[in-house]
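Novice: Can you read through this structure? Questions will come right after.
Protein chains: 2
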Amino acid sequence: MTAPASGPAPGPAIVLVAPQMGENIGAAARAMLNFGLVDLRLVRPRDGWPNVKAVAAAVGATVVLDRVRVHGDLAAAIADRRYVLATTARPRDFVKPVLTLREAAVRLRAAEAAGQPTTVLFGPERTGLENDEAVLADALVTVPTNPDFGSINLAQTVLLVAYEWRQAADASPAERFEAGGARPATREELMNFFAHLERELDRTPFLSNRQQRPSMVRNLRALFLRAGPTEQEVRTLHGVVAELARRGADEAG
Amino acid sequence: MTAPASGPAPGPAIVLVAPQMGENIGAAARAMLNFGLVDLRLVRPRDGWPNVKAVAAAVGATVVLDRVRVHGDLAAAIADRRYVLATTARPRDFVKPVLTLREAAVRLRAAEAAGQPTTVLFGPERTGLENDEAVLADALVTVPTNPDFGSINLAQTVLLVAYEWRQAADASPAERFEAGGARPATREELMNFFAHLERELDRTPFLSNRQQRPSMVRNLRALFLRAGPTEQEVRTLHGVVAELARRGADEAG
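Going down the list, the sequences are from chains A and B. With the working numbering, you'll find the first sequence wraps up at 1216, consecutive numbering, no jumps. With the working numbering, you'll find the second sequence wraps up at 1216, consecutive numbering, no jumps.
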């Protein structure tokens, strides 16, 4: 999923405009790489570049740090880009579409599919992008936080953008079960277990009510069927029933 | 969007099991509140509670910190919950559905719509949840990170869960339980059944292999949890175990 250290990177370039803290640059790099983004660009980082605090905070995301490019102004940083989004936490004084993160991810994917290099802009930690910077974007992106408590940091915003971009790749159905290829039980194996369980219960007062027996049996079967047992689990259940049924007799004997 | 300091909170309770760093607890609280979650529970926090580093890292998310509850074990922390998800970064040795974050959010919303209190479990920073803890969940949740670089921290995982939960607000509540208003069993009711079953099995040779016992117990618990038993079904299961265990003795007597 990672790209080679050179050549076009997948997904949007992440542009941090005037980032203040090296820690946040490193944390942004780490957040990006978690979801396969590797193209990080810095515009006038306050503490220069390279930055040892960024390296520490990147926690091994060196493939991102190694290819960081530093630019003197935003226009240079996005000169090779076609579709540009600007993150913002507040309304702006110009007219521009505002997208949710999820909508933004769909637009990014669509632009990429059309061969357009994309990018997402992030402003300085405290102040966000200047209006003159945000206006360069095709659209604004906003994180729909709690109106009473919007307190999301730079790297977290990068994380959510990268996450949504990754999610927009495929709507492929998720996996089902873990546990190394355990084979689901066949209906025959399940029916054999039901027969075993019900045979043992018929030797107790549990199913002795003739009228209720059919519904009791159905409910027990439904319960076990809902669990979708594996073949191994059905064998375990046989063992449970056999051992429980045998136990009292052994003790009495 | 925030809830009052008392009364039922919206959305899932976030349970941090044995969190190590106060900073991470505070950052988790902040991440939660960004998306309207306020019910944070701690199981055996390493450095005790309250924790000044957590307060600093929460950056004003006091509505969350003020209602934190601390529990001695996981079972107590989730006793009042019905639908339980466990976050994990690695495969487990039992059979349980694995959901993406997005699927998890839809399931959480559906459970909430059905009146079931929900919760999401997070393990310690370095090691994640123990198998014996993860098995108590209805399903596992995994963050689909870069296979070459999965490096997402505790608060970021909480952020993504809270973000997806918030986003799922509009998604139509999916299917869930049939069976005319049958109440799903609480975790406490399920744990009582597990204790009963395992107590009876401990009186047989079935669980006598010391080395295999923990994994046998986990697999049985996973099986019954997958079925999502109702309160009535748990009572039936108690009856099944009691009757089977009693049967042989009666016959011998």
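Beta carbons: idealized from backbone N, C-alpha and C, even for Gly. Owing to the predicted nature of the structure, the values given are computational and were not obtained by experimental measurement.
Taking the alpha carbon of A/GLU1127 as the reference point, which residue from A/ARG1065, A/ALA1205 and A/PHE1157 has its own alpha carbon closest?
Specialist: For A/GLU1127, the nearest C-alpha among the options comes from A/ARG1065.
Novice: Which residues bound the beta strand (DSSP E) around B/ALA1132?
Specialist: Element bounds for B/ALA1132: n/a, residue is neither H nor E.
Novice: Between B/ARG1176 and chain A, is there a C-beta pair that is closer than 9 Å?
Specialist: It does not: the Cβ of B/ARG1176 has no partner Cβ on chain A nearer than 9 Å.
Novice: I'd like to confirm the pairing. Which residues does DSSP put opposite A/LEU979 in its beta bridges?
Specialist: In DSSP, A/LEU979 forms a bridge with A/LEU1005 and A/PHE1085.
Novice: In chain B, which residues lie with their C-beta within 9 Å of the C-beta of A/PRO1107?
Specialist: Within chain B, the residues near A/PRO1107 are PHE998, TYR1126, ARG1129 and GLN1130.
Novice: Using only alpha-carbon positions, find the residue among B/GLY989, B/THR1063, B/THR1082 and B/ARG1166 that is nearest to B/ILE977.
Specialist: Comparing Cα-Cα distances from B/ILE977 to each of B/GLY989, B/THR1063, B/THR1082 and B/ARG1166, the minimum goes to B/THR1082.
Novice: By DSSP, does B/ALA1102 sit in helix, in strand, or in coil?
Specialist: Looking at B/ALA1102 - three-state DSSP - the assignment turns out to be strand.
Novice: Secondary structure at A/PRO1013, three-state DSSP: helix, strand or coil?
Specialist: Of the three classes helix, strand and coil, the one that applies to A/PRO1013 here is coil, per DSSP.
Novice: Starting from B/ALA1148, trace the beta strand (DSSP E) in both directions and tell me its first and last residue.
Specialist: Neither: B/ALA1148 is in no beta strand (DSSP E) and is coded neither H nor E.
Novice: How many Å lie between B/VAL1203 and A/LEU1164 at the Cα?
Specialist: Taking the straight line from one Cα to the other gives about 7 Å.
Novice: For B/GLY1086, which residues of its own chain have a beta-carbon under 6 Å away from its beta-carbon, when the five flanking residues on both sides are left out?
Specialist: Excluding residues within five positions, the ones whose Cβ falls inside 6 Å are VAL980 and LEU1092.
Novice: Between A/VAL1026 and chain B, is the shortest Cβ-Cβ distance under 9 Å, so that the two count as touching?
Specialist: Yes, its Cβ sits closer than 9 Å to a Cβ of chain B.
Novice: Could you give the DSSP three-state label for B/ARG1070: helix, strand or coil?
Specialist: Helix.
Novice: Mind checking who B/VAL1180 pairs with in its DSSP beta bridge?
Specialist: In the DSSP output, where bridge partners are listed per residue, B/VAL1180 has none listed.
Novice: Suppose the cutoff is 7 Å on Cβ atoms and the five residues either side in sequence are ignored; what does the same chain contact list for B/SER1178 look like?
Specialist: Result list for B/SER1178: ASP1056, in chain order.
Novice: Give me the subset of the stretch 1173–1201 of chain B whose CB atoms are less than 9 Å from a CB atom of chain A, sorted by chain position.
Specialist: So the list reads MET1179, ASN1182, LEU1183, ALA1185, LEU1186, PHE1187, LEU1188, ARG1189, ALA1190, GLY1191, PRO1192, THR1193, GLN1195, GLU1196, THR1199 and LEU1200, given in the order they occur along the chain.
Novice: Contact criterion: CB-CB distance below 9 Å. Does B/VAL1069 meet it with respect to chain A?
Specialist: Not one chain A Cβ lies under 9 Å of B/VAL1069.
Novice: Which same chain residues, not among the five before or five after A/ALA1097, have their C-beta less than 7 Å away from its C-beta?
Specialist: Correct list, in chain order: ALA1049, THR1051, ARG1055 and LEU1103.
Novice: How should A/THR1120 be labelled, buried or exposed, when 16 other C-beta atoms within 10 angstroms of its C-beta is the threshold for buried?
Specialist: Its Cβ being crowded by 16 or more others within 10 Å, A/THR1120 is buried.
Novice: Using a Cβ-Cβ distance under 9 Å, would A/GLY1086 count as near chain B?
Specialist: Output row for A/GLY1086: interface = no.
Novice: Checking contacts by CB at 9 Å: is B/GLN983 closer than that to chain A?
Specialist: With 9 Å as the cut-off, B/GLN983 does not count as an interface residue toward chain A.
Novice: For my contact list, B/ALA1148 and B/VAL1197 are in at a C-beta cut-off of 8 Å; report their separation, rounded to the angstrom.
Specialist: About 4 Å separates the two Cβ atoms, so the contact holds.
Novice: Determine, for A/GLU1206, whether the minimum Cβ-Cβ distance to residues of chain D falls below 9 Å.
Specialist: No chain D is part of this structure, whose protein chains are labelled A and B.
Novice: Spatial neighbours of A/ALA1068 within its chain, please: C-beta separation below 6 Å, excluding the five flanking residues on both sides.
Specialist: Same-chain partners within the cutoff: GLU1127, TRP1128 and ALA1131.
Novice: Between A/VAL1083 and chain B, is any beta-carbon pair separated by less than 9 Å?
Specialist: For A/VAL1083, the answer is no, since every Cβ of chain B falls outside 9 Å of its Cβ.
Novice: Going by other Cβ atoms of all chains shown within 10 Å of its Cβ, with 16 needed for buried, is B/LEU1037 buried or exposed?
Specialist: Answer is buried; the Cβ neighbour count reaches 16.
Novice: Name the one or two DSSP bridge partners that A/TYR1046 has.
Specialist: Bridge partners of A/TYR1046: A/THR1081.
Novice: Could you tell me which residues DSSP puts in a beta bridge with A/VAL1061?
Specialist: A/LEU1103.
Novice: Who does B/ARG1032 pair with in a DSSP beta bridge?
Specialist: BP columns for B/ARG1032 point to B/ARG1004.
Novice: If you draw a straight line from the alpha carbon of B/ARG1009 to that of A/VAL1018, how long is it in whole angstroms?
Specialist: Distance between the alpha carbons of B/ARG1009 and A/VAL1018: 28 Å.
Novice: Against chain B, with Cβ distances strictly below 9 Å, would A/THR1050 count as a contact?
Specialist: False, the Cβ-Cβ gap to chain B never drops below 9 Å.
Novice: Going straight from the alpha carbon of B/THR1193 to that of A/ASN1155, what length do you get?
Specialist: C-alpha separation (whole angstroms): 24 Å.
Novice: Using the DSSP secondary-structure output, state which residues sit across from B/THR1108 in a beta bridge.
Specialist: In DSSP, B/THR1108 forms no bridge with anything.
Novice: Please list the terminal residues of the continuous alpha helix (DSSP H) segment that includes B/ARG985.
Specialist: A quick correction: the sequence has Gly, not Arg, at residue 985 of chain B. Element bounds for B/GLY985: 985–997.
Novice: Does B/PHE1156 have its Cβ less than 9 Å from a Cβ in chain A?
Specialist: No, because no Cβ of chain A sits closer than 9 Å to the Cβ of B/PHE1156.
Novice: Tell me which residues share the same chain as B/ASN1109 and place their Cβ nearer than 7 Å to its Cβ, disregarding the 5 neighbours each side in the sequence.
Specialist: Closer than 7 Å at Cβ, skipping near neighbours: no residue.
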